[in-house]
Every structure is written in C-alpha cells, then in structure tokens.
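One structure is given here, and the rest of the page talks about it.
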Amino acid sequence: MTTPRPLVAGNWKMHGRYSSSEEVNALVQMLRERPAQCDVLICPPFTLLMPFSNLIEGYGLSLGGQDCHHQSEGAHTGDISADMLKDAACSYVIVGHSERRKWHRESDKRVSEKAAMAHKEGLCAIICVGESGKQRDSGETLDVIAGQLKKSMPDDSVAHNTVVAYEPIWAIGTGRTPSVEEIGEVHGLIRKHLTGRFGLDGQSFRILYGGSVKPENAAELMSINNVDGALVGGASLKAADFNGIIEAYR
Ligand code: PEP
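For the sequence shown, the positions run 1236 to 1485 when this note's numbering is used.
So, in structure tokens, the structure goes:
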C-alpha cells in the first residue's frame, strides 16, 4: 500500500481559446519557482490539447480530456476516443462528470464503459460521482454515492489507472460546499467501498473533492481525511487562482 500523491485537477469545461496559453505559461512558471507536493493536471477543451502539450512538457503538469467515447473508433460524429486523447499527449480523462450525466444522459453503465476504454488505452480515468441537492436533503447521499461507485467503476480499476472525484452537484459552480464533516463522511464511505472491493489497493486510490474549491477554502478542504486533492472548475481558468489552490500542497 502506498499513500496517494495528491492530485489537483482543473476542468476548463467549454472555456478557453488559444490565447489561454498565457495562463498555462504563467502556471508553469509558478510551478517551476515553487514546486508543489502534488500532481497537477489541466483538462482544457479538445482543441487546446495539442498546443498546450508543447507548453507543459517537463514541468510536472499533465494534460487530460474532459470526456471520451466508450468505443475505440467509428461513426460517432463529434466524439473523441481515448486513443485520440492519448495521441494528443493526455494521460488522464474525466468521465461521468455530472454535466455529462445530465446533458448527455450518461448512465453509470456508460461511465463504466468509458473508464474501461480509458484504461485500455493507458489513460487514468477520473470517475465523477455526486448527489443532487434533493438527494442530499432527503438523506440519500450515501446510498446514491455507493450505487454510483458500484456501477460506474469497471472491475479493472486499480489505484494507478483510476481516480474517484466526489462532486456534489449542488456545490458545482454555486459557491456552496458541504461541511468538513459531510465531506469527510462521503470520502470515508468511498474509501470503504474501494478497500472492500479492491482490497489493500483501495487505500492507494486518490479521492478528489470537487465543487466550489477556491484558494480561500482549499487548505481546509484538502486537510480532510481521505481527501487526496481537488477537481476544480471555475477557479482553474486563471493561473493565479489555480495556483492558490495548489498552495495547499506547498
Ligand atoms: C466541476 O464542474 O468539476 C467543478 C468542480 O466546478 P466548480 O469548481 O466551478 O464548482
């Protein structure tokens, strides 16, 4: 068993242009000047993967896709394969983000298929789970998360090819976060699920918290038991903000 090295991942969603290279250059500079005790990942839109790959080489910064198809290739207009992401210098891919689950109707089964395809192509899959506000209010959170984990994680998941991200849907982009106790409770349940299903290796999976992580709350959130890093949306777009979150690991 190894203690997981934390991961701070930025999900740019449908934001960013070629001119955003400036932000990546600034981030690289900040990491060079003050290296962090964590892995750092950015997941920009597909169009920016190749250009960004030239900027980050050798600086401990990784690239990831925001989604991939569950098949290796074929007639799937507008989709991207895990192999294509690999070809564009990615080492990670986010699967099952709540926005994909909602707007693209992705089921747990489909998320699991995508993660399995990512594994096959040698990518680390960041599998997202999280309850809605309604589910939290009606006390269903732990059951919802347990069900999503069971069905969204393929059996070939191991600590080095899979990261779990707990992202309460009601906390994404809202400025609201669960309490420290609530996050600790869910992350504890996720760890229990991982060790129950994958044995000792379950201790080594990274479990990220995501949902309104900002420089101001990062240190507190990252110090919670079984929180091994963050998945960051809005605050990952500006190098200074993202670096302020990474600061939790310096
Ligand atoms: C996200 O969408 O993955 C996310 C965590 O967004 P934000 O940080 O903006 O809440």
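Ideal Cβ positions, reconstructed from N, Cα and C, are used throughout, including at glycine. What you are looking at is a predicted structure, and each value in this text was computed from that prediction instead of being measured.
Every unbroken stretch of the beta strand (DSSP E) spanning 3 or more residues and falling wholly within the segment 1310 to 1351 is given here in chain order: 1327 to 1330. For the 8 Å CB-CB criterion, P1403 and R1371 form a contact. Straight-line spacing of the CA atoms in Q1438 and E1308 works out to 34 Å.
By the neighbour-count criterion, in which 16 or more other beta carbons inside 10 Å mark a residue as buried, L1276 falls on the buried side. When DSSP assignments are scanned along the segment 1378 to 1419, the uninterrupted stretches of beta strand (DSSP E) that are 3 or more residues long and fall wholly within it turn out to be 1397 to 1401.
Checking the DSSP bridge columns, you'll see R1441 partnered with V1398. Contact between L1320 and G1300 holds, since their C-beta atoms are separated by about 4 Å, short of 8 Å.
Within the same chain, L1290 come within 7 Å of N1260 by CB-CB distance, once the 5 residues on both sides are set aside.
DSSP, reduced to helix, strand and coil, places S1367 outside both helices and strands of the structure shown, so it counts as coil. DSSP places A1465 in the strand class (E or B) of the three-state scheme. At least one heavy atom of the ligand PEP is found less than 7 Å from the C-beta of L1466.
Residue pairing from DSSP leaves V1448 without any beta-bridge partner.
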